[in-house]
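First up is the structure itself, then whatever we jot down about it.
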Amino acid sequence: MLRPFLLRNRQNCHRICANAAQTGDAFAWRLAATPQRAQIDIMTGTPDDDKLDDDKETRLGISALTPPPRSDDTVETVLEFPDNRLLIGLCGEYDRNLARIEQATGVHILRRGNRLAVVGDAQARTQAAAVLQGLYARLEQGRTIGAGDIDGALRLGVGGIAAPVRSDDQLEMFNAAGFELRTRKKPVEPRTEAQKAYVANLFKHELAFGIGPAGTGKTYLAVAVGVTMLIGGQVEKIILSRPAVEAGERLGFLPGDMKEKVDPYMQPLYDALNDFLPAKQVEKLMLDKRIEIAPLAFMRGRTLSNAFVVLDEAQNATTMQMKMFLTRLGEGSRMVITGDRTQVDLPRGTASGLADAERILKGVKGVSFNYFDSKDVVRHPLVARVIEAYERADGEAG
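Letter by letter, the sequence shown follows residues 1 to 398 in UniProt numbering.
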């Protein structure tokens with residue numbers, strides 16, 4: 001009787017630690033900091049002690065570690081998972097993954113052997129169960145689970161302030177392996193419905209725009225598709241470009257050769273490449289001119305053939321620069337334009353080439369426009385809330 005009680009509360013101690021790390025709950029940290037003391041005090045009791053008295057329970061804070069009292073409409077849904085090894089991966093270290101799902105859905109998840117009991121109201125139980133089953137299916141396919149994967153599953157399967165409840169077929173779409181991009185270092189897959197449509201359009205259209213706030217994966221996924229096409233022989237080279245607005249495009253006044261001048265402005269593109277290809281391979285491909293990273297100003301006069309071309313931060317291109325870049329598209333090439341209309345760094349009174357291209361090219365055959373919002377942010381969850389707060393402020397100011 002005593003041992004199962006200890007195991008259950010040890011698990012809940014880990015759960016409080018995981019929750020404390022995410023919420024900053026000072027009381028939870030105090031409990032998490034002394035779980036061993038609580039266990040030692042419990043273990044000093046005799047095996048005949050079926051329960052602790054109220055005073056000792058209050059002193060140890062054990063009541064805070066047990067599930068909340070159930071209301072009349074609070075019941076549990078029990079899920080059984082046949083492979084304990086995969087179940088460990090589903091729960092995460094110290095049940096961190098379960099804690100993340102609990103916080104998002106408002107349920108309480110208890111582990112009992114190879115079963116998980118989801119406690120809460122009916123709608124929350126259904127949502128949490130769908131996410132757990134979907135993530136377990138991903139593990140069965142040999143894929144891993146990270147915090148971003150859990151957040152992606154929650155966005156597709158769980159309703160909240162930021163996102164409405166999505167249908168089961170959309171959650172199934174998230175779990176399907178068909179959208180996985182194979183690169184040299186790791187598989188990459190879109191995590192939201194908008195990202196899936198974006199990736200599909202990058203393969204389908206020769207000219208595609210990705211427009212939305214920071215952190216929605218516009219550039220990252222574009223580079224991943226480019227690497228996939230390069231590896232598969234669909235293109236001969238990758239060309240990545242950005243307007244160097246911070247230097248006013250007057251790079252000649254900066255010290256060093258061209259690479260030293262532009263590297264600080266191109267670093268996000270290098271970061272994306274290094275996520276998908278080994279560093280030595282990136283270096284070799286750049287020496288062979290099969291990967292080029294250059295500022296927008298250096299694209300003038302070129303014809304970009306048999307290449308996967310990405311223009312990042314396109315909101316900082318002028319109308320003339322955008323027209324110049326779009327007309328570089330050569331035979332056998334694909335072009336992706338990414339940008340955020342809310343982060344224009346051009347001088348006051350200068351029109352953004354991205355907004356102009358969106359107005360002029362809307363409806364042109366072969367051109368795809370893909371839009372993202374705060375629900376598609378795959379960085380820290382706080383980034384989505386920051387974006388929403390700025391959007392509200394802009395709406396009130398307008």
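Note that beta-carbon positions come from the ideal geometry of N, C-alpha and C, so glycine has one too. Treat the numbers as computed from the prediction; the structure is a model and nothing was measured.
Contact check between the region 268 to 277 and the region 196 to 213: fewer than three CB pairs, one atom from each, fall below 8 Å, which does not count as touching. In this structure, the straight-line span from the alpha carbon of A137 to that of L110 is close to 20 Å. For T77, the three-state secondary structure derived from DSSP is strand.
Pairing Q127 with S305, the inter-Cα distance amounts to about 48 Å.
Shown here, E206 sits in coil according to DSSP, grouped into three states, outside any helix or strand. In chain order, T319 and M322 place their CB closer than 7 Å to the CB of D356, counting only its own chain and leaving out the 5 sequence neighbours on each side. When DSSP assignments are scanned along the region 299 to 384, the uninterrupted stretches of beta strand (DSSP E) that are 3 or more residues long and fall wholly within it turn out to be 307 to 311, 334 to 339 and 367 to 371. Shown here for R125: same chain residues with a beta carbon closer than 7 Å to its own, the five before and five after excluded, namely T77, V107 and V118 in chain order. Taking one beta carbon from each stretch, the region 224 to 242 and the region 381 to 396 have fewer than 3 pairs nearer than 8 Å; the two do not touch.
One thing to note: D340 has its Cβ no nearer than 7 Å to the Cβ of T192.
Taking each of C91, G134 and Q123 in turn and checking the Cα distance to N114, the smallest one comes out for C91. When the beta-carbon positions are compared, G148 and V383 stay at least 7 Å from each other. For E292, the enclosing beta strand (DSSP E) covers residues I291 to P295. Only residues of its own chain outside the window of five on either side were considered, and among them L181 and A224 have a CB closer than 6 Å to the CB of V188, listed in chain order. With a cutoff of 7 Å on beta-carbon distance, M266 and I231 are scored as not near each other. By DSSP's assignment, L181 forms a beta bridge with V188. Contact between L98 and Q133 is absent: CB atoms are separated by about 14 Å, not below the 8 Å threshold. In chain order, L86, G89, L90 and I145 place their CB closer than 7 Å to the CB of L139, counting only its own chain and leaving out the 5 sequence neighbours on each side.
The beta-carbon separation of K365 and P278, rounded to 39 Å, does not stay under the 8 Å limit for a contact. Between the alpha carbons of L354 and F276 lies a distance of about 27 Å.
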